[in-house]
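Undergrad: Can you read through this structure? Questions will come right after.
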Amino acid sequence: MTVQLVGAGPGEADLLTVRAARAIAAAEVVVFDRLVDRSVLELISPLADRYDVGKTPGQSSSQESTNELLIELGRSGRRVVRLKGGDPFVFGRGGEEALALTSAGVAFEIIPGLSSSLSGPLAAGIPVTHRGISRGVTIVTGHLIDGECNSFVHLANPELTLVVLMGVAHRAEIARQLILGGLTPDTPVAVIERAYTSSQRTVRTSLQRLGVTEIANPAIIVIGAVAAMSLNDITTELATAAW
Ligand code: SAH
Numbered sequence: 001m002t003v004q005l006v007g008a009g010p011g012e013a014d015l016l017t018v019r020a021a022r023a024i025a026a027a028e029v030v031v032f033d034r035l036v037d038r039s040v041l042e043l044i045s046p047l048a049d050r051y052d053v054g055k056t057p058g059q060s061s062s063q064e065s066t067n068e069l070l071i072e073l074g075r076s077g078r079r080v081v082r083l084k085g086g087d088p089f090v091f092g093r094g095g096e097e098a099l100a101l102t103s104a105g106v107a108f109e110i111i112p113g114l115s116s117s118l119s120g121p122l123a124a125g126i127p128v129t130h131r132g133i134s135r136g137v138t139i140v141t142g143h144l145i146d147g148e149c150n151s152f153v154h155l156a157n158p159e160l161t162l163v164v165l166m167g168v169a170h171r172a173e174i175a176r177q178l179i180l181g182g183l184t185p186d187t188p189v190a191v192i193e194r195a196y197t198s199s200q201r202t203v204r205t206s207l208q209r210l211g212v213t214e215i216a217n218p219a220i221i222v223i224g225a226v227a228a229m230s231l232n233d234i235t236t237e238l239a240t241a242a243w
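Quick note: the sequence shown uses UniProt numbering, first residue 1, plus one each step.
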């Protein structure tokens with residue numbers, strides 16, 4: 001039996017892939033973390049064992065123990081699902097877990113999920129690319145490796161959309177570096193908190209004001225001209241018409 005690394009999507013369970021939903025329902029053991037929505041956890045069989053690995057503080061040591069847990073469970077021969085928020089391979093440490101399972105000789109399968117990096121902006125009616133406005137999108141972590149390294153200066157490009165995950169804590173510094181890199185202070189910014197959950201919230205601001213704008217984790221920060229767009233109503237109308 002293999003371990004399945006499953007993308008749980010950004011929130012509500014009806015955004016799971018059919019493959020992911022089937023794997024979750026069939027699991028005998030589920031290992032999940034913090035960002036997995038309650039509605040997704042409700043799909044787990046009441047007979048399945050659950051491991052919540054999201055509560056342990058101290059990320060790096062807990063990743064080690066999660067890897068060990070997955071290896072041990074994988075060897076037990078039961079149906080193991082490792083549920084991860086969004087997509088397993090977008091800042092989800094899915095790659096690290098896949099490597100650990102490979103070195104331990106435990107077979108695994110990876111099931112993709114909707115990443116908050118793309119679906120978060122969409123939840124606020126923001127197309128990450130739009131002809132004539134944005135010709136591409138850069139997805140980046142807001143964890144600064146070194147506050148002094150100015151890594152965001154080089155990401156300043158008015159033709160591209162910047163999507164920052166885990167950027168709440170360092171948002172003032174990120175904005176400072178992007179302005180230093182050449183983005184104008186009035187560049188539109190949208191922040192989408194808890195996309196596709198019952199408490200989703202969108203905040204619109206500018207690069208200049210990002211540092212003083214109150215926002216909370218988990219949130220997606222969208223920087224660039226498209227962040228001024230809000231196609232929500234149209235999306236809703238089209239969806240309704242299609243049904
Ligand atoms: N693998 C995940 C990302 C994990 S990193 C994915 O593909 O979506 C964790 C970061 O993802 C959070 O700090 C936040 O920036 C973002 N995030 C995840 N779920 C989110 C949601 N529902 N709404 C807003 N941001 C979210």
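No residue lacks a Cβ here, since even glycine has one placed at the ideal position from N, Cα and C.
In this text the structure is predicted, and so the values were computed from the model without any measurement.
For the segment 20-63, which segments carrying the beta strand (DSSP E) assignment without a break, of at least 3 residues, lie completely within its bounds, in sequence order?
TA: Counting only runs of 3 or more, we get 29-32, 49-52.
Undergrad: In terms of residue numbering, what span does the beta strand (DSSP E) encompassing I110 cover?
TA: From DSSP, the beta strand (DSSP E) with I110 extends over 108-111.
Undergrad: The ligand SAH and V212: does any heavy atom of the ligand fall closer than 7 Å to the residue's C-beta?
TA: no
Undergrad: Is the Cβ-Cβ distance between G54 and D87 less than 8 Å?
TA: no
Undergrad: Let me know if W243 comes out buried or exposed under the rule of 16 or more other beta-carbons within 10 Å of its beta-carbon.
TA: With a pLDDT of 46 at W243, under the threshold of 50, the predicted position of this residue should be treated as unreliable, though the coordinate-derived value follows. By the beta-carbon neighbour count (other beta carbons within 10 angstroms, threshold 16), W243 is exposed.
Undergrad: Cβ of R171 within 7 Å of any heavy atom in the ligand SAH?
TA: no
Undergrad: Let me make sure I understand the geometry here. Which of R135, V90, Q63, V80 has the alpha-carbon closest to that of A100?
TA: Q63
Undergrad: Does the beta-carbon distance from L114 to V137 come in below 8 Å?
TA: no
Undergrad: Rounded to whole angstroms, how far is the Cβ of R75 from the Cβ of V29, which I believe are closer than 8 Å?
TA: About 12 Å; that fails the 8 Å criterion.
Undergrad: For the alpha helix (DSSP H) that I174 lies in, which residues bound it at each end?
TA: Element bounds for I174: 171-180.
Undergrad: Here's the rule: buried if 16 or more other CB atoms are within 10 angstroms of the residue's CB, otherwise exposed. What is A156?
TA: buried
Undergrad: Taking P112 as the reference, which of Q4, S230, G182, L207 has the closest Cα?
TA: Comparing alpha-carbon positions, the option among Q4, S230, G182, L207 lying closest to P112 turns out to be Q4.
Undergrad: I'd like the list of long-range same chain contacts for D52, defined as Cβ closer than 7 Å, with 5 residues on each side in sequence excluded.
TA: These residues qualify, in order along the chain: F32.
Undergrad: Return the bridge partner residues of H143 from the DSSP annotation.
TA: In the DSSP output, where bridge partners are listed per residue, H143 has none listed.
Undergrad: Consider the C-beta atom of N217 and the heavy atoms of the ligand SAH; say whether any pair is separated by less than 7 Å.
TA: yes
Undergrad: Am I right that V153 and G181 are in contact with their C-beta atoms under 8 Å? What's the rounded C-beta distance?
TA: 4 Å
Undergrad: Rounded to whole angstroms, what's the CA-CA distance from L69 to R82? Just pull it up for me.
TA: In a straight line, the C-alpha of L69 is about 10 Å away from that of R82.
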